[in-house]
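Novice: The sequence shown runs 7 to 308 under this note's numbering. No residue lacks a Cβ here, since even glycine has one placed at the ideal position from N, Cα and C.
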Amino acid sequence: MRVNLGGKLRATTYGRPSAVHVDPMEKKPLFHFHPGTPVFSLATAGCNLHCLNCQNWQLSQRAGEEMETVYRADPAEVIQAARDAGCNSLAYTYSDPIVFYEYVYDTSELAHRAGLNNTYHSAGYINRKPLEQLCPLLDAANIDLKALDDGFYRRISGGTLKPVLDTLITLRREGVWLEVTNLLIPTLNDDPALIRRMARWMVAELGPDTPLHLSRFRPQYRMQNLPPTPASTLERARQEALQAGLHYVYIGNLLGHDWGSTYCPRDGTLLIGRSGYAITAYTLTADGRCPTCNDRIPGIWS
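(1) DSSP three-state label for residue 29, please.
(2) Enumerated in chain order, which unbroken segments of the beta strand (DSSP E) with a length of 3 residues or greater are wholly contained in the region 45-132?
(3) For my contact list, residue 260 and residue 240 are in at a C-beta cut-off of 8 angstroms; report their separation, rounded to the angstrom.
(4) Determine the DSSP secondary structure at residue 186, reduced to helix, strand or coil.
(5) For residue 227, does the three-state DSSP call read helix, strand or coil?
(6) Output yes or no for whether 8 angstroms exceeds the beta carbon distance between residue 220 and residue 162.
(7) Taking residue 196 as the reference, which of 246, 183 and 63 has the closest Cα?
(8) Pick out whichever of 190, 127 and 213 has its Cα sitting closest to the Cα of residue 98.
(9) Is residue 299 buried or exposed, if buried means 16 or more other CB atoms sit within 10 Å of its CB?
(10) Assign residue 264 to one of three DSSP states: helix, strand, or coil.
(11) With 16 as the cutoff for other CB atoms within 10 Å, does residue 305 come out buried or exposed?
(12) So the alpha helix (DSSP H) residue 14 belongs to, where does it begin and stop?
(13) Just the Cα atoms here: how many angstroms apart are residue 106 and residue 132?
(14) So, with DSSP's three-state summary, where would you put residue 217?
(15) Are the region 187-206 and the region 217-236 touching by the rule of at least three beta carbon pairs closer than 8 angstroms?
(16) Can you give me the Cβ contacts of residue 63 inside the same chain, cut-off strictly under 6 angstroms, excluding the 5 residues immediately before and after it?
(17) Within a Cβ cutoff of 7 angstroms, which residues of the same chain sit near residue 33, ignoring the five residues on either side of it in sequence?
(18) Excluding five sequence neighbours on each side, which residues of the same chain lie with their C-beta closer than 6 angstroms to the C-beta of residue 271?
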């Protein structure tokens, strides 16, 4: 994604996104950040990991010049397009925003000047210094924590675990609203002991109010030999994570499941009902409290 031009490293996909859509915020997934609002989402081709199970491989595992569709949009044009679409937030997503970092940074600066939010969905495989430089421009992030297992990262993703953990800790320390996604792959990272270990790490390092999205695997890319994750596996993993101390654990990629909704951890009141990406009920108070017990529900609601 970068070439040496005249002794300078240039990003070849800068201003050349290959995916541009208006999505619901829930698709990122971000459940505790402006729920039910539209978000202007974009990505260039490429990724710095090579996950065998990649769900977006047509975009992430290709170079920019291999893409059939490439748009031209400099940062100012992105901001204008978001406004025209009625979006108050942008999402850098689909592939991995780390590979189009310069484009993300410049667009994020303009977005904040224009009063727009910046959200970020990433595998979190980035060095600390560039992440710290980006953090003041980020309002929310969802980071994939594929497993609390370095061997899994090496075998399945072509990376290592520690940079991802460092990213999660940095985002929490810098005050970026943070949610975590774990894609459960049958036989590879769905062991209950592994789920418990991951959840306990999150409680200790990120806090018990950090939302965790347990996402259903579907056969994709170079991992079509495994079945989709059974609902029972996701439900058991959710129980393990709750017992480990997390307060908000969601089941994703399973349409209509009750645990895609937000409930008060104290009294069980339904706070935000969801069916897929659609909001079906909303009972939170204007200041983000449970209407029954008045507990403050962590998130950015308005």
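Specialist: Taking the structure as given:
(1) strand
(2) 95-98 and 123-128
(3) 7 angstroms
(4) strand
(5) coil
(6) no
(7) 246
(8) 127
(9) exposed
(10) helix
(11) buried
(12) First-last for residue 14: 14-17, but that is the beta strand (DSSP E), not the alpha helix (DSSP H).
(13) 12 angstroms
(14) coil
(15) yes
(16) 227
(17) 283
(18) 253
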